[in-house]
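Participant: The structure's right below; bear with me while I get my questions together.
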Amino acid sequence: MENIVSHHTDHHEEHEAHESIKIDGFWLFLVSDVLLFGALFATFIVLRTHYAEGPTSQDLFDVKEFTIETFVLLTSSFTSGLATLEMNKGHVKSLITWLIVTALLGATFVGFEIHEFSGMVSEGYKMSTSAFLSGFFTLVGTHGCHVSLGLIWMIGLIIQVARRGFTPVTERKLSIISLYWHFLDAVWIFIFTVVYLIGVM
Amino acid sequence: MKHIESRQASHGSTTSYIIGFVLSILLTILPLWLVVNHVLNRTALIVTIMIMAALQFLIQLLFFMHIRESEKPRYNVLAIILGIVFVITIVGGSAWIMTFNSQVQ
Amino acid sequence: MEPKFKISHFFIHGDPLILGADVSIGIATVMIIFVLTYFKKWKWLWKEWLTTVDHKKIGIMYVIAALLMLFRGGVDALLMRTQLALPNLKVLLSEHYNEIFTTHGTIMILFMAMPLIFAMMNIVIPLQIGARDVAYPFLNAISFWLFFFGAMLLNLSFVIGGSPNAGWVGYPPLSELQFNPGPGENFYVLAIQISGIGSLATGINFLVTILKMRTKGMRLMDMPLFTWSVLATSILIIAAFPVITVTMLLLFLDRFAGAHFFTMTHGGDPMMYINLFWIWGHPEVYIVILPAFGIFSEVTSVFSKKVTFGYTSMVVSMMLISFYAYFTWVHHFFTMGAGAGVNTFFAVSTMIIAIPTGVKVFNWLLTMYQGRIRLTEPMLWTIAFIPCFAIGGATGVMLSIAPADYQYHNSYFLIAHFHQVLIGGTVFGMFAGLTYWWPKMFGFKLNETLGRWAFWLWNIGFYACFMPQYALGFMGMTRRIYTYGWDMGWAPLNLISSIGAVIMGIAFLFQVWEIAYSVKYGERDTTGDPWDGHTLEWSLPSPAPKYNFAVLPEVHGRDAWWKTKEAKERGDYEEKKQELEPIHYPKNSGIPFILSVFFFIAGFGFTFEWVWMGALGLLGVAICLIVRSFQYDTDYYISVDEIKETEAALRGEV
Numbered sequence: 001m002e003n004i005v006s007h008h009t010d011h012h013e014e015h016e017a018h019e020s021i022k023i024d025g026f027w028l029f030l031v032s033d034v035l036l037f038g039a040l041f042a043t044f045i046v047l048r049t050h051y052a053e054g055p056t057s058q059d060l061f062d063v064k065e066f067t068i069e070t071f072v073l074l075t076s077s078f079t080s081g082l083a084t085l086e087m088n089k090g091h092v093k094s095l096i097t098w099l100i101v102t103a104l105l106g107a108t109f110v111g112f113e114i115h116e117f118s119g120m121v122s123e124g125y126k127m128s129t130s131a132f133l134s135g136f137f138t139l140v141g142t143h144g145c146h147v148s149l150g151l152i153w154m155i156g157l158i159i160q161v162a163r164r165g166f167t168p169v170t171e172r173k174l175s176i177i178s179l180y181w182h183f184l185d186a187v188w189i190f191i192f193t194v195v196y197l198i199g200v201m
Numbered sequence: 001m002k003h004i005e006s007r008q009a010s011h012g013s014t015t016s017y018i019i020g021f022v023l024s025i026l027l028t029i030l031p032l033w034l035v036v037n038h039v040l041n042r043t044a045l046i047v048t049i050m051i052m053a054a055l056q057f058l059i060q061l062l063f064f065m066h067i068r069e070s071e072k073p074r075y076n077v078l079a080i081i082l083g084i085v086f087v088i089t090i091v092g093g094s095a096w097i098m099t100f101n102s103q104v105q
Numbered sequence: 001m002e003p004k005f006k007i008s009h010f011f012i013h014g015d016p017l018i019l020g021a022d023v024s025i026g027i028a029t030v031m032i033i034f035v036l037t038y039f040k041k042w043k044w045l046w047k048e049w050l051t052t053v054d055h056k057k058i059g060i061m062y063v064i065a066a067l068l069m070l071f072r073g074g075v076d077a078l079l080m081r082t083q084l085a086l087p088n089l090k091v092l093l094s095e096h097y098n099e100i101f102t103t104h105g106t107i108m109i110l111f112m113a114m115p116l117i118f119a120m121m122n123i124v125i126p127l128q129i130g131a132r133d134v135a136y137p138f139l140n141a142i143s144f145w146l147f148f149f150g151a152m153l154l155n156l157s158f159v160i161g162g163s164p165n166a167g168w169v170g171y172p173p174l175s176e177l178q179f180n181p182g183p184g185e186n187f188y189v190l191a192i193q194i195s196g197i198g199s200l201a202t203g204i205n206f207l208v209t210i211l212k213m214r215t216k217g218m219r220l221m222d223m224p225l226f227t228w229s230v231l232a233t234s235i236l237i238i239a240a241f242p243v244i245t246v247t248m249l250l251l252f253l254d255r256f257a258g259a260h261f262f263t264m265t266h267g268g269d270p271m272m273y274i275n276l277f278w279i280w281g282h283p284e285v286y287i288v289i290l291p292a293f294g295i296f297s298e299v300t301s302v303f304s305k306k307v308t309f310g311y312t313s314m315v316v317s318m319m320l321i322s323f324y325a326y327f328t329w330v331h332h333f334f335t336m337g338a339g340a341g342v343n344t345f346f347a348v349s350t351m352i353i354a355i356p357t358g359v360k361v362f363n364w365l366l367t368m369y370q371g372r373i374r375l376t377e378p379m380l381w382t383i384a385f386i387p388c389f390a391i392g393g394a395t396g397v398m399l400s401i402a403p404a405d406y407q408y409h410n411s412y413f414l415i416a417h418f419h420q421v422l423i424g425g426t427v428f429g430m431f432a433g434l435t436y437w438w439p440k441m442f443g444f445k446l447n448e449t450l451g452r453w454a455f456w457l458w459n460i461g462f463y464a465c466f467m468p469q470y471a472l473g474f475m476g477m478t479r480r481i482y483t484y485g486w487d488m489g490w491a492p493l494n495l496i497s498s499i500g501a502v503i504m505g506i507a508f509l510f511q512v513w514e515i516a517y518s519v520k521y522g523e524r525d526t527t528g529d530p531w532d533g534h535t536l537e538w539s540l541p542s543p544a545p546k547y548n549f550a551v552l553p554e555v556h557g558r559d560a561w562w563k564t565k566e567a568k569e570r571g572d573y574e575e576k577k578q579e580l581e582p583i584h585y586p587k588n589s590g591i592p593f594i595l596s597v598f599f600f601i602a603g604f605g606f607t608f609e610w611v612w613m614g615a616l617g618l619l620g621v622a623i624c625l626i627v628r629s630f631q632y633d634t635d636y637y638i639s640v641d642e643i644k645e646t647e648a649a650l651r652g653e654v
């Protein structure tokens, strides 16, 4: 028993080191995700003008809709940052509030995207219409899947924090999800520019 | 409590988040405005909005993801830089290599 | 959606070879179940192996799986060589031949070479850098099981549904639904996808392990060269594997959802697949060769009793290779016709990457120069590697000359080239590593006499098999043809080549014998340092206890263990008595195994495009992940008493 007591502080530090190493790994995961999106962007750019018999990007994209989408996601990135600030201050309740706001904004974003996609499909513009649409649906859809997975993850994390408060483990998880969320916004900037802005040019 | 205090200094402040947010909004609206109003010719426009996107990416990294504030040595900065070099290679390389059959379409 | 595949696609019939495989798989399964039940080993299997998160055990499972896959891929190779031994043979039908060369390539690269490398990484890296485990032991277990079930999914295709038959590269439009309506290509796509996730996680895991978990005092430039090579490989894995994930996803969407990425109609571009495939594929070549370079560096140094010549240049050239590897991919498809500018750029970049490789060869030679060389089995493999790889490298430079490549492309010249670098480089390297670290894994040495038999048979077989293929390439024999006529004049060389393949098959049997014999009669390693090694793994007992180091060592400079031994000899070694402390250790977990089973179910479902089954599998995966996320009691402390007991037992003090 003595042994355990005397080593308790050491263990605590060891635990912290153990948690911070997971953040390092997550950065590397993000780099691999950058490359994943890089390959999707490369494909989209190469096939961008392969409209075949299908619609062109000017026919499809609605400036108003994708602008709103962009601002919703950008704001959610900001609110997730505010959540991190609350974590640093040690406020569990306001942290959870900001996380819920972030998740709601994320869900709104996904809702817009589903609306956009289903609108296109109902007009008969599907993945199988042209190489351009295959590239579009896959690139934007992969980003949408990332956001949706992030939502599930965030909900799980809200439950964990509500139950356990701040521990080295929950703090590490919160740091990671906020990195993930900012990262998804960063990817969207390029989708916004390369897919939508250049698309409607 | 110790770990909470030690982290406080290293994770940015409300001000930095607000600055980042405002800059991001500006860098979103500006290219949108340029594109909608056809201010520049096509090539110049593409270059300009790509630069703005890159800047906004940088803002996310610096103001939101606090990449500068990680422990030294900053392997994650190295990793991100290497990742970006590789992404530019994939995207630029593919576009260059595949131009040969653009006339096919 | 109406399922494209019905139960009638399920079982393949009509081919005696496949029927034989069906029967033998059935018998083997029944026997394994019987043996496990009879000896009451189910619980042991589950507790000690299936749920383990110990990097050493995971490494051993990688070895076993990889050797099984080597056998499977080797049988494929022998079947092909039998078919080609003489003109107009009918051992394999053309369709079956297509399947065999596809699975041979896929298995040998992804399910043999990769896991052997992961085996070496897992077994050695934490021991070499003075760590107690990898950075993420749980993730490490997931990586292994994803690889394993990915491999099983591909192997299943042989007896259920039909194997992929579009080559290991799976180029569209041949691999598209239009020309390949069966489930075979789906097996290929999903098997690569599942094991690819595991590989990516391994890359991240080991990069963090090496960067963050080195023991006190070990700077980057103090690391053993094998550790450096794994660092370089991990960087490439992280950079390259996401691209193959995307490539396979897009091909799958073409086949499953009717997308038009690589189709011939609706604006699809098959060339884009080739481009994406090799953005991954070329780094992949270096992913499998760099760790072999690391092993050769360790082996030459230890068995010449010298420090590695030009350590810094070794490190620099490995890092340069891992960077350049990303800029050469077009040399795999010069003949696509991308134009003079593109081909010139990639021809030059390919030639440049040969330079650091050449630097390394000279360093190995100069390490051996004036050394006291011991011709042990690992050293033999290393010495055989150098000329073999030099020839392979030289023919590689020939291939890199873009205009000349129009002549060599997809001929047997190319086949001979890449087998020379993959067998002469990667496989010989892994054999050197296996024999070198075998005592560390199992506590006994492999029998040298049988090892020499295997070594010479491998080498004779290798040159007999592949040297004629260079000539056959020049004579116009292209890869993937399943038969040829007497009038081509290829018969004598093909026969020699096939005989060489059989000799390599016999060599493999000698290795199996070597292992079986040594289990019983092999020299036991009681010191933990059977080779008089230089690096930290040899400071531990063989096999190492689960926590590796009872007290983490503190090192100063390179070759830490060698220096310690020298200091002890001189008598100026001060052993610092350090208090034992409880060791933080991860608990075993069944989740990696179960999660991978669900991935397998999902993969199988999507292969047959049974969406309900695919969705069920993915749901299982999601549940596993959520359950894990809510687990907080994942580690424990090994008490000081337990460490004392283990250490005493290991040093024979009980």
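Residue numbers (the UniProt record's numbering), protein chains in the order written: chain A, 1 to 201; chain B, 1 to 105; chain C, 1 to 654.
Every residue gets a Cβ at the ideal spot worked out from N, C-alpha and C, and that includes glycine.
(1) Can you tell me the Cα-Cα spacing of Leu495 of chain C and Ile289 of chain C, whole angstroms?
(2) Between Cys624 of chain C and the rest of its own chain, which residues show a CB-CB distance below 7 Å, the 5 nearest in sequence each way excluded?
(3) Measure the Cβ-Cβ separation of Ser20 of chain A and Met87 of chain A and say whether it is below 9 Å.
(4) Going by beta-carbon coordinates alone, are Trp381 of chain C and Thr328 of chain C separated by less than 9 Å?
(5) Just to confirm my understanding: we take Ala9 of chain B, look at its own chain, exclude 5 residues before and 5 after, and list those with CB closer than 8 Å. What are they?
(6) Count the other CB atoms within 10 Å of the CB of Pro541 of chain C; is the residue buried (16 or more) or exposed (fewer)?
(7) Any Cβ of chain C within less than 9 Å of the Cβ of His7 of chain A?
(8) Does DSSP put Asp559 of chain C in a helix, in a strand, or in coil?
(9) Starting from the Cα of Pro439 of chain C, find the closest Cα among C:Ile353, C:Pro403, C:Ser539 and give me that residue.
(10) Quick one: measure Cβ to Cβ for Leu67 of chain C and Thr106 of chain C, integer angstroms, because I've assumed they're closer than 8 Å.
(11) Are any of the Cβ atoms in chain F nearer than 9 Å to that of Trp181 of chain A?
(12) For chain A, is any of its Cβ atoms less than 9 Å away from the one on Phe86 of chain B?
(13) Skipping 5 residues on each side, what residues in its chain have a beta carbon closer than 8 Å to that of Thr395 of chain C?
(14) Could you name the residues that DSSP lists as bridge partners for Met584 of chain C?
(15) Taking the alpha-carbon positions, what's the Ala42 of chain A to Phe261 of chain C distance?
(16) My assumption, with CB atoms under 8 Å, is that Gly130 of chain C sits in contact with Pro403 of chain C. Please give the rounded CB distance.
(17) Short of 7 Å in beta carbon distance, which residues of its chain neighbour Thr51 of chain C, apart from the five on each side in sequence? Order them along the chain.
(18) From the DSSP output, which residues share a beta bridge with Thr106 of chain C?
(19) Since I believe Ala119 of chain C is in contact with Gly162 of chain C (beta carbons under 8 Å), could you give me their beta-carbon distance rounded to a whole number of angstroms?
(20) What number of angstroms, rounded off, separates the C-alpha of Ile638 of chain C from the C-alpha of Phe147 of chain C?
(21) Check Arg524 of chain C in the structure and name its three-state DSSP category.
(22) Taking a contact to mean a Cβ-Cβ separation below 9 Å, would you say Ala103 of chain A touches Ile155 of chain A in this structure?
(23) What residues of chain C sit near Phe117 of chain A, judged by a beta carbon separation below 8 Å?
(24) Using beta carbons (cut-off 9 Å, strictly below), is Ile21 of chain A in contact with chain C?
(25) Give the straight-line distance between the Cα atoms of residue 177 of chain B and Ser80 of chain A, rounded to the nearest whole angstrom.
(26) Report the three-state DSSP secondary structure of Thr478 of chain C (helix, strand or coil).
(27) Mind checking Ile114 of chain A: buried by the 16 CB within 10 Å criterion, or exposed?
(28) Using the Cα positions of Arg219 of chain C and Glu574 of chain C, report the straight-line distance between them to the nearest angstrom.
(29) Which bits of chain C does Phe132 of chain A rub up against, with CB to CB less than 7 Å?
(30) Along chain C, in chain order, which residues have C-beta atoms closer than 8 Å to that of Tyr17 of chain B?
(31) Which complete beta strand (DSSP E) runs does the region 560-629 of chain C hold, if anything under 3 residues is left out?
(32) Quick check: is the beta carbon of Phe57 of chain B nearer than 9 Å to any beta carbon in chain C?
(33) Could you please tell me which residues of the region 67-97 of chain B, in chain order, have their CB closer than 9 Å to any CB of chain C?
(34) Measure from the C-beta of Val348 of chain C to each C-beta in chain B and report whether the shortest distance is under 9 Å.
(35) For Phe100 of chain B, which option in A:Phe136, A:Phe117, A:Val46, A:Ile96 has the closest C-alpha, if you only look at C-alpha atoms?
(36) What does Val36 of chain B touch in chain A if you count any residue whose Cβ is under 7 Å from its own?
Facilitator: On the basis of the coordinates in this document:
(1) Residue mapping note: residue 495 of chain C aligns to position 495 of the third sequence, counting from 1. Residue mapping note: residue 289 of chain C aligns to position 289 of the third sequence, counting from 1. CA-to-CA, the gap between Leu495 of chain C and Ile289 of chain C works out to about 30 Å.
(2) By one-based count along the third sequence, residue 624 of chain C stands at place 624. The residues are Ile591, Ile594, Leu595, Phe598.
(3) Numbered from 1 along the first sequence, position 20 holds the residue referred to as residue 20 of chain A. Numbered from 1 along the first sequence, position 87 holds the residue referred to as residue 87 of chain A. Met87 of chain A sits away from Ser20 of chain A, with the two beta carbons spaced by 9 Å or more.
(4) By one-based count along the third sequence, residue 381 of chain C stands at place 381. By one-based count along the third sequence, residue 328 of chain C stands at place 328. No, they are not a contact pair.
(5) Stepping through the second sequence from its first residue, residue 9 of chain B is reached at position 9. Unreliable placement is indicated for Ala9 of chain B, whose pLDDT of 43 sits below 50; no coordinate value is reported for it.
(6) In the third sequence, counting from the first residue as 1, residue 541 of chain C sits at position 541. Of the residues assessed, Pro541 of chain C falls on the buried side of the cut-off, its CB having 16 or more other CB atoms within 10 angstroms.
(7) Locating residue 7 of chain A in the first sequence gives position 7, counting from the first residue. Low confidence applies here, because His7 of chain A scores a pLDDT of 41, under 50, leaving its location unreliable and the question unanswered by this model.
(8) Numbered from its first residue, the third sequence carries residue 559 of chain C at position 559. Secondary structure of Asp559 of chain C (DSSP, three-state): coil.
(9) Taking the third sequence and counting its residues from 1, one reaches residue 439 of chain C at position 439. Among C:Ile353, C:Pro403, C:Ser539, the Cα nearest to that of Pro439 of chain C belongs to C:Ser539.
(10) For the purposes of this step, residue 67 of chain C is taken as the residue at position 67 of the third sequence. For the purposes of this step, residue 106 of chain C is taken as the residue at position 106 of the third sequence. Contact annotation, Leu67 of chain C with Thr106 of chain C: C-beta distance approximately 17 Å; criterion of less than 8 Å not satisfied.
(11) Protein chains in the displayed structure are A, B and C, and chain F is not among them.
(12) Looking up residue 86 of chain B in the second sequence gives position 86. By this cut-off, Phe86 of chain B is an interface position.
(13) If you number the third sequence from 1, residue 395 of chain C lands on position 395. If we look at Thr395 of chain C and ignore the five residues flanking it on each side, its Cβ neighbours are Phe413, Ala416, His417, Gln420, Tyr470.
(14) In the third sequence, residue 584 of chain C corresponds to position 584, counting from 1. The displayed chain sequence assigns His, not Met, to residue 584 of chain C. DSSP lists C:Tyr637 as partners of His584 of chain C.
(15) Mapped onto the first sequence, residue 42 of chain A falls at position 42. Mapped onto the third sequence, residue 261 of chain C falls at position 261. C-alpha separation (whole angstroms): 12 Å.
(16) The count along the third sequence starts at 1 and reaches residue 130 of chain C at position 130. The count along the third sequence starts at 1 and reaches residue 403 of chain C at position 403. In fact, because the Cβ distance is near 51 Å, the residues do not count as touching under 8 Å.
(17) As a position in the third sequence, residue 51 of chain C is number 51, starting the count at 1. Counting only Cβ-Cβ distances below 7 Å, and skipping sequence neighbours, we find Asn588, Ser589, Gly590, Phe593.
(18) As a working note, residue 106 of chain C is residue 106 in the third sequence. Looking at the DSSP assignment, Thr106 of chain C forms no beta bridge with any residue, so it has no partner.
(19) Within the third sequence, numbered from 1, the residue matching residue 162 of chain C stands at position 162. Within the third sequence, numbered from 1, the residue matching residue 119 of chain C stands at position 119. Actually they do not touch by this definition, with Cβ atoms about 30 Å apart.
(20) The residue given as residue 638 of chain C occupies position 638 in the third sequence. The residue given as residue 147 of chain C occupies position 147 in the third sequence. Distance between the alpha carbons of Ile638 of chain C and Phe147 of chain C: 30 Å.
(21) For the purposes of this step, residue 524 of chain C is identified with residue 524 of the third sequence, where counting begins at 1. If DSSP states are grouped into helix, strand and coil, Arg524 of chain C belongs with the strands.
(22) As a position in the first sequence, residue 103 of chain A is number 103, starting the count at 1. As a position in the first sequence, residue 155 of chain A is number 155, starting the count at 1. Using a Cβ distance threshold of 9 Å, Ala103 of chain A and Ile155 of chain A count as a contacting pair.
(23) For the purposes of this step, residue 117 of chain A is taken as residue 117 along the first sequence, with counting starting at 1. Taking the beta carbon of Phe117 of chain A as reference, no residue of chain C falls within 8 Å; the closest one sits roughly 13 Å away.
(24) For the purposes of this step, residue 21 of chain A is taken as the residue at position 21 of the first sequence. It does; some Cβ of chain C falls within 9 Å.
(25) Any answer about residue 177 of chain B is impossible in this case: the structure gives chain B only from 1 up to 105.
(26) Taking the third sequence and counting its residues from 1, the one referred to as residue 478 of chain C is at position 478. The three-state secondary structure of Thr478 of chain C, taken from DSSP, is strand.
(27) Along the first sequence, read from residue 1 onward, the residue named residue 114 of chain A stands at position 114. Counting the other Cβ atoms within 10 Å of the Cβ of Ile114 of chain A gives fewer than 16, which makes it exposed.
(28) As a working note, residue 219 of chain C is residue 219 in the third sequence. As a working note, residue 574 of chain C is residue 574 in the third sequence. Looking at the two C-alpha atoms, the distance is approximately 22 Å.
(29) For the purposes of this step, residue 132 of chain A is identified with residue 132 of the first sequence, where counting begins at 1. At a C-beta separation below 7 Å, Phe132 of chain A has these neighbours in chain C: Gly267.
(30) On the second sequence, position 17 is the one that residue 17 of chain B refers to. Simply none; closest approach about 27 Å.
(31) As far as the region 560-629 of chain C is concerned, its whole beta strand (DSSP E) runs of at least 3 residues are 583-586.
(32) As a working mapping, residue 57 of chain B is identified with position 57 in the second sequence. So no, Phe57 of chain B is outside the interface.
(33) Flagged, chain order: Pro73, Tyr75, Ala79, Leu82, Gly83, Val85, Phe86, Thr89, Ile90, Gly93, Ser94, Trp96, Ile97.
(34) Within the third sequence, numbered from 1, the residue matching residue 348 of chain C stands at position 348. So no, Val348 of chain C is outside the interface.
(35) Start at 1 with the first residue of the second sequence, and residue 100 of chain B comes out as number 100. Measuring from the Cα of Phe100 of chain B, the nearest candidate turns out to be A:Val46.
(36) The residue labelled residue 36 of chain B in the question sits at position 36 within the second sequence. Ordered by position in chain A, the residues that pass the 7 Å Cβ test against Val36 of chain B are Val63.
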